[in-house]
Amino acid sequence: MSVGSKRPQGLESRLNDVLIDRYQDGENAGYPTLCKGRYLVDGERYHALEEPTSLNTLELLPELMAANIASVKIEGRQRSPAYVSQVAKVVAPGDRSLQSRPAKLRSTARLDGDARRDVRRHPNHAWRISP
């Protein structure tokens, strides 16, 4: 991962020569990860995978499972050990129990007050699961 490649279009963040994000002069560069990059989707540039503050996919697990998604990353970087532990305890029981407890899953977005806001479905950019 490299950050800081200054180009005429702006400061670029890349992974193995693949552009992840581009920052204009005076814009703060975010932590360079694929999930926090801004991507061009249907002609619109935005955080298609994750808003920079938080992402709660727990409520989406039934949809992800129906789309045959086999694994889900539990975000833990820059989170407290208590937050990660509690999220893992909710996710670990498996598909059957997750589908039967959607109300409990929704509540985990604010486990330690660190999530700032739930941007599971950004109002302008609904999740899209491709067939």
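The sequence shown: position 90 = 90 (UniProt numbering), numbered continuously.
Where is the CB? At the ideal position from N, CA and C, for every residue including glycine.
Small disclaimer: the values here were computed from a predicted structure and weren't measured.
#1: Between the Cα of V18 and those of Q24, Y39, E27, A29, spot the shortest distance and give me the residue it belongs to.
#2: Between the C-alpha atoms of A70 and A48, what's the straight-line distance to the nearest angstrom?
#3: Spell out the partners DSSP gives D21 in its beta bridges.
#4: Can you give me the start and stop residues for the alpha helix (DSSP H) that E63 sits inside?
#5: Give the DSSP bridge partners of V41, in chain order.
#6: Pull up the DSSP beta-bridge partners for S5, would you.
#7: State buried or exposed for D42, treating a residue as buried only when at least 16 other CB atoms are found within 10 Å of its CB.
#8: Going straight from the alpha carbon of Y23 to that of K36, what length do you get?
#9: May I ask you to report which of helix, strand or coil DSSP gives L49?
#10: Is S85 helix, strand or coil when you go by DSSP?
#11: Taking the straight line between their C-alpha atoms, what separation do you get for K104 and V90?
#12: Give every residue of the same chain whose Cβ lies closer than 6 Å to the Cβ of R45, excluding the five residues on either side of it in the sequence, and list them in chain order.
#13: Whole angstroms are fine: how far does the CA of A29 sit from the CA of S5?
On the basis of the supplied data:
#1: Counting from 1 along the sequence shown, the entry for residue 18 is found at position 18. The candidate whose alpha carbon is nearest that of V18 is Y39.
#2: As a first step, residue 70 must be located in the sequence shown, where it is residue number 70. As a first step, residue 48 must be located in the sequence shown, where it is residue number 48. A70 and A48 have their C-alpha atoms spaced approximately 20 Å apart.
#3: Walking along the sequence shown from the start, residue 21 turns up at place 21. Paired residue(s): S13.
#4: As a position in the sequence shown, residue 63 is number 63, starting the count at 1. Unbroken alpha helix (DSSP H) run through E63: 61-66.
#5: On the sequence shown, position 41 is the one that residue 41 refers to. DSSP output for V41 lists E44 as bridge partner(s).
#6: In the sequence shown, residue 5 corresponds to position 5, counting from 1. Beta-bridge pairing links S5 to E12.
#7: Taking the sequence shown and counting its residues from 1, one reaches residue 42 at position 42. Result: exposed.
#8: The count along the sequence shown starts at 1 and reaches residue 23 at position 23. The count along the sequence shown starts at 1 and reaches residue 36 at position 36. Each residue's alpha carbon lies about 13 Å from the other.
#9: Translated into the one-based positions of the sequence shown, residue 49 becomes position 49. DSSP places L49 in the coil class of the three-state scheme, outside both helix and strand.
#10: If you number the sequence shown from 1, residue 85 lands on position 85. Residue state, collapsed to three classes: helix.
#11: By one-based count along the sequence shown, residue 104 stands at place 104. By one-based count along the sequence shown, residue 90 stands at place 90. Reliability of the predicted coordinates at K104 is poor, the pLDDT of 49 falling under 50, and the value obtained from them is presented with this limitation in mind. Rounded to whole angstroms, K104 to V90 spans 8 Å at the Cα level.
#12: Taking the sequence shown and counting its residues from 1, one reaches residue 45 at position 45. Closer than 6 Å at the Cβ level, and outside the excluded window around R45, lie R38.
#13: For this step, residue 5 is matched to residue 5 along the sequence shown. For this step, residue 29 is matched to residue 29 along the sequence shown. Each residue's Cα considered, the two are about 12 Å apart.
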